[in-house]
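See below for the structure under consideration.
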Amino acid sequence: MSTPTADLTAAGVSIWLDDLSRTRISSGNLQQLIDTKNVVGVTTNPTIFANAITNKNDTSYDAQLSELAASGTSAEDAVFAATTQDVADALDVFRPVWEATNHVDGRVSIEVSPDLAHDTEGTVASAKQLWEKIDRPNLLVKIPATKAGLPAIAEAIGAGISVNVTLIFSLERYAEVIEAYLSGLETAKAAGIDLSTIHSVASFFVSRVDTETDKRLDAIGSDEAAALKGKAGLANARLAYELFEKTFAEKRAQELLAAGANLQRPLWASTGVKDPNLPDTLYVTELVAAGVVNTMPEKTLDATFDHGEITGDTITGGYAEAHKVFDELAAVGIDLTDVTQVLEDEGVAKFIDSWHDLLGQVTEALEAQR
4 MSTPTADLTA
14 AGVSIWLDDL
24 SRTRISSGNL
34 QQLIDTKNVV
44 GVTTNPTIFA
54 NAITNKNDTS
64 YDAQLSELAA
74 SGTSAEDAVF
84 AATTQDVADA
94 LDVFRPVWEA
104 TNHVDGRVSI
114 EVSPDLAHDT
124 EGTVASAKQL
134 WEKIDRPNLL
144 VKIPATKAGL
154 PAIAEAIGAG
164 ISVNVTLIFS
174 LERYAEVIEA
184 YLSGLETAKA
194 AGIDLSTIHS
204 VASFFVSRVD
214 TETDKRLDAI
224 GSDEAAALKG
234 KAGLANARLA
244 YELFEKTFAE
254 KRAQELLAAG
264 ANLQRPLWAS
274 TGVKDPNLPD
284 TLYVTELVAA
294 GVVNTMPEKT
304 LDATFDHGEI
314 TGDTITGGYA
324 EAHKVFDELA
334 AVGIDLTDVT
344 QVLEDEGVAK
354 FIDSWHDLLG
364 QVTEALEAQR
C-alpha cells in the first residue's frame, strides 16, 4: 500500500528534512528516513546546528570539541569544523540518492555565516570556502536573498557553486532571485563551466507569512479580515510558482536550459503549521506541483506520512484565487510589501541571534575542555 509521502513524491515533490545532527547520521536515522519516508535531501540553518551541538543529551560532538580545544581552535573555527563535517557525512549518505535522481536530489544545504547577510564580498568568500572545504558535488550553499545577497548569488553561481537561496518572502524579491540565477548562469557559460553541474533552489517561506499577516488581520478586527486568515501564505507561494513557470518559459531562460542549465526549483520552507486551528499538513498538501521541493521539520514530515491527503497538483489551478486573495488583503488594509520586509529583517536577525548563541555555547564548551 502506498504512503502519503510516496504519493507526494509521485506527484513531483521532493521531500527534504529541515534538520540535521551528528547522532541522526550515526544512528542510521537519516538513512531510515530515506528508506521509509521518501526523504531525498536535508536543509540546515544556524538554529538547527545550535540545537544539535549544544544538546546536553548528545555527546557525539564531545570528542571533536576536545581535540579542537587542545589545539587552541577559536569558537568560530570549531563551529566551521563541526558543521562542515556533519554536512559532508550527510552528503555521503545521500550520494546514492543523488546518483539515482540524475543529480537533482540527494542534496544537503549549509548556510554562510548570518553575520554576512549584508556583506556581498564576505558572502562570496564564505560560499567559496564552504564549497572547497566540503568538496561534494551534491552540496548546496545557502545564501540569503537580501539586497547584498543577490549579487553574491549571481557571483557564486557564476563560479560554478550550487546555491540554495534562502529567506525569500516576497514575489518582488523572488523575481530578483531568478534574475541573479540567470545572470550567474550566463557568467558561468561564458567561463566555459558545464551548466549541468550547477543546481539551485529558491527557498520561499510560507507559514511565517501567515503568522505576520494573521496578526495584522486580527488587529483590523473586521469580518472581512477574519475571513482572510490562513490564506496569505498559500496565495503567496502559489503566485511564486506562477512566476517560476512564466520566467523559465521565456527566451532567456530557455536558451540557458538548452545549453544544459537546470531549472532553479522553488522550495517551500517554513512549512510547519503554527496556528493550531489549521491542518498540520496544510503547507504540504496544498502546495503540490511538479518540480518543487518541500523541506519539512520532522513533526510535519511525520504528520504527512501519517495522514497527509495527497490529491495531485494543488497549485497551478489556484492562480486566479491567489490573485483574488491578494486583492482582498489589500482591500482590508494589509500591506504585503511591509509584511514581507518585516519578515526578511526578522529572519536575518533570528539567524544572527542563533549563530551568536551557538558561538557563545561552543566557546564555553571549548573553555571547559582546556
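Numbering of the sequence shown is given in this note's numbering, commencing with residue 4 and proceeding in unit increments.
Note that the Cβ used here is the ideal one computed from N, Cα and C, for glycine as well.
Quick caveat: nothing in here was measured; it's all calculated off a predicted structure.
(request) Verify whether the separation of the beta carbon atoms of S173 and Q267 is less than 9 Å. (result) no
(request) Would you kindly report the start and end of the unbroken alpha helix (DSSP H) that includes I223? (result) 210-223
(message) Using only CA atoms, which one of T104, A120, D221, V90 lies nearest to T149?
(response) A120
(message) Using 8 Å for Cβ pairs, my map puts T169 next to A151. What's the rounded Cβ distance?
(response) About 14 Å separates the CB atoms of T169 and A151; that is not less than 8 Å, and the two are not in contact.
(message) Please classify K234 as buried or exposed, where buried requires at least 16 other C-beta atoms within 10 Å of its C-beta.
(response) buried
(request) Have a look at V45 and S357 and give me their C-alpha separation to the nearest angstrom. (result) Distance between the alpha carbons of V45 and S357: 19 Å.
(request) Under 8 Å by Cβ, that's how I've got T214 and K302 pegged, so tell me the actual separation to the nearest angstrom. (result) Going by Cβ atoms, the distance from T214 to K302 rounds to 16 Å, so no, they are not a contact pair.
(request) Enumerate in chain order the residues of its own chain whose CB-to-CB distance from S116 is below 7 Å, with the five nearest sequence positions on each side excluded. (result) S129, W358
(request) Report the three-state DSSP secondary structure of P140 (helix, strand or coil). (result) coil
(message) Our contact map puts T47 next to V107 with C-beta atoms below 8 Å; I'd like the distance itself, whole angstroms only.
(response) That pair is no contact at about 19 Å.
(message) Assuming P269 is part of the beta strand (DSSP E), what are its boundary residues?
(response) 267-272
(request) Let me know if D217 comes out buried or exposed under the rule of 16 or more other beta-carbons within 10 Å of its beta-carbon. (result) buried
(message) According to DSSP, simplified to helix, strand and coil, what is V276?
(response) coil
(request) Write down every uninterrupted run of the alpha helix (DSSP H) in the region 169-211 whose length is 4 residues or greater and which is fully enclosed by it, in chain order. (result) 174-193
(message) What would DSSP say about T298, mapped onto helix, strand or coil?
(response) Looking at T298 - three-state DSSP - the assignment turns out to be strand.
(request) Quick one: residues in its chain with C-beta nearer than 7 Å to the C-beta of A191, no 5 flanking neighbours on either side, listed in chain order? (result) I160, G161, G163, L198, I201
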